[in-house]
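Let me begin by presenting the structure, written as structure tokens, before commenting on it.
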């Protein structure tokens, strides 16, 4: 037995002593509130707004949206099949009216199909996140992925590739770990099994090192996917219960501060709160009870005109620099601020849809190049953790759009 085999044997023998990541039950009202935030998204059935992650998240949660779920899945099937058939018939040419889904969108669509157990009885560019998601989607369908494809993701983890701007990308590492966990359980790539097991351990260790003093893994928005991974297996010598309890406490604090408004983030959090992960789609529990999800009761809104706030918008990465105070109603998103600035004149911007919402592709005519992106900053240098559709600036706040390379 070589050194690698001996290490794997030792890890296996310690398994009985290892702790698992177990979070105490969360108040059902908090879970219901998160589900209610997803319901309005399920009424948006255009191809640009459909997000398979919403369906997957609900199916792995303790909630069900009854007829809305069926309609949403039907819309997913209709639009994705039409989009794929359109791409094939046009010879692969892009068509603005029927854009080809990204690899990440297709992977989530495959997960959505697997999550529909009634049918299964008994970044816009390719990234390591989408690469891992695609392998995971094929794996839960028990489709063997060629060793060269799995090898590319293994090589990325072994050589610290899931890194962005010099920092560990926790959600990318977690997605890779979930893909490897599925491959390990399914044993679809037996010749790579030892490397896969070691890669899972590598990712787990990196994620544990990323835990902040508050308890988040990386940031509040990457924590749900990290928890999904940590829940899938034990780790010898690690107090996983206390680690995950600390993460749970941090998440509950963030929920009280209404941090989770983005549909993708909520759909990744709901399974974790239900002690589930995407890997559970290998053999989903079709008989698990799920509470009926009802829309939140909305109190009549005040007829009084909303307060108007002013947000300072800066762009220093272009010549001449842009600097203007933008008036918007209180509670407006950063995207609303950009729209108002464009209406006022002297400012232009462009966006592209992604799984987590719209992201900036151009500002003042300046398009992003290779390994570039428009960073959102609270002046002077605090990066925003939310996108333009989710972040809500406060009165007097200064926001800078900065073109950065990575």
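In mature numbering (1 follows the signal peptide of the UniProt record, and there is no 0), the protein residues as written are -18 to -1, 1 to 388. Idealized CB from N, CA, C, for every residue including glycine. The model shown is predicted, which means the values in this text are computed figures rather than measured ones.
| Check | Outcome |
| --- | --- |
| Residues that DSSP places opposite residue 309 in a beta bridge | 292 |
| Option in 197, 312 and 183 with minimal Cα separation from residue 224 | 197 |
| Residue 108, DSSP secondary structure in three states | For residue 108, the predicted model reports a pLDDT of 47, less than 50, meaning its position is unreliable; a value from the coordinates is still stated below. DSSP places residue 108 in coil when its eight states are reduced to three. |
| Segment limits, alpha helix (DSSP H) that includes residue 40 | 34 to 41 |
| For residue 173 and residue 237, the rounded distance between their alpha carbons | 43 Å |
| Cβ shell of residue 184 (< 8 Å), same chain only, five flanking positions each side left out | 139 and 140 |
| Residue 344, DSSP secondary structure in three states | strand |
| C-alpha distance - residue 55 paired with residue 112, whole-angstrom precision | 21 Å |
| Span separating the alpha-carbon of residue 290 from that of residue 377 | 8 Å |
| Status (buried if at least 16 other CB within 10 Å, exposed otherwise) for residue 11 | exposed |
| As assigned by DSSP and simplified to three states, the class of residue 273 | strand |
| DSSP-derived helix/strand/coil call for residue 381 | strand |
| Residue nearest to residue 360 in terms of C-alpha spacing, selected from 28, 375 and 25 | 375 |
| Counted within 10 angstroms of its Cβ, other Cβ atoms place residue 301 as buried (16 or more) or exposed | exposed |
| Pairwise C-alpha distance: residue 264 and residue 258 | 12 Å |
| Spatial distance of residue 199 from residue 253 (CA atoms) | 17 Å |
| Range covered by the beta strand (DSSP E) that runs through residue 333 | 331 to 334 |
| Inter-stretch contact (C-beta, 8 Å, three-pair minimum) for the stretch 88 to 97 and the stretch 114 to 130 | yes |
| Helix, strand or coil at residue 364 [DSSP, three-state] | strand |
| Host alpha helix (DSSP H) of residue 137 (start-end) | 129 to 140 |
| Identified DSSP bridge partners for residue 304 | 297 |
| One or two residues paired with residue 217 in a DSSP bridge | 1 |
| Beta-carbon spacing of residue 160, residue 210 below 8 Å | yes |
| Beta carbon proximity, residue 124 to chain C, threshold 8 Å | The structure shown contains no chain C, having only a single protein chain. |
| Residue 190, enclosing alpha helix (DSSP H) - first and last residue | 175 to 191 |
| Residue 398 classed as buried or exposed, judged by whether at least 16 other C-beta atoms fall within 10 angstroms | Given that the chain is displayed from residue -18 to residue 388, the structure contains no residue 398 and the question cannot be resolved. |
| Inter-residue Cα distance where the pair is residue 221 and residue 60 | 46 Å |
| Same chain, Cβ closer than 6 Å to residue 204, five either side skipped, listed in chain order | 152 and 153 |
| Length of the line joining the Cα atoms of residue 256 and residue 8 | 9 Å |
| Helix, strand or coil at residue 74 according to DSSP, with G and I counted as helix | In this prediction, residue 74 has a pLDDT of 46, which is less than 50 and means its spatial position is unreliable; what the coordinates show is noted afterwards. Here residue 74 sits in coil by DSSP. |
| Option nearest residue 304 by Cα separation, candidates 261, 276 and 380 | 380 |
| Rounded straight-line distance, which links the Cα of residue 248 to that of residue 148 | In this predicted model, residue 148 has a pLDDT of only 49, less than 50, meaning its place in the structure is not dependable; the value taken from the coordinates is given anyway. Between residue 148 and residue 248, the C-alpha separation is close to 27 Å. |
| Nonlocal neighbours in the same chain, by C-beta distance under 7 Å from residue 168, ignoring five residues either side | 121, 124 and 264 |
| In DSSP terms, what residue 279 is bridged to | None, per the DSSP bridge assignment. |
| Close-in-space but distant-in-sequence residues of the same chain around residue 178 (CB under 8 Å, 5 per side omitted) | 132, 136, 162, 165, 166 and 171 |
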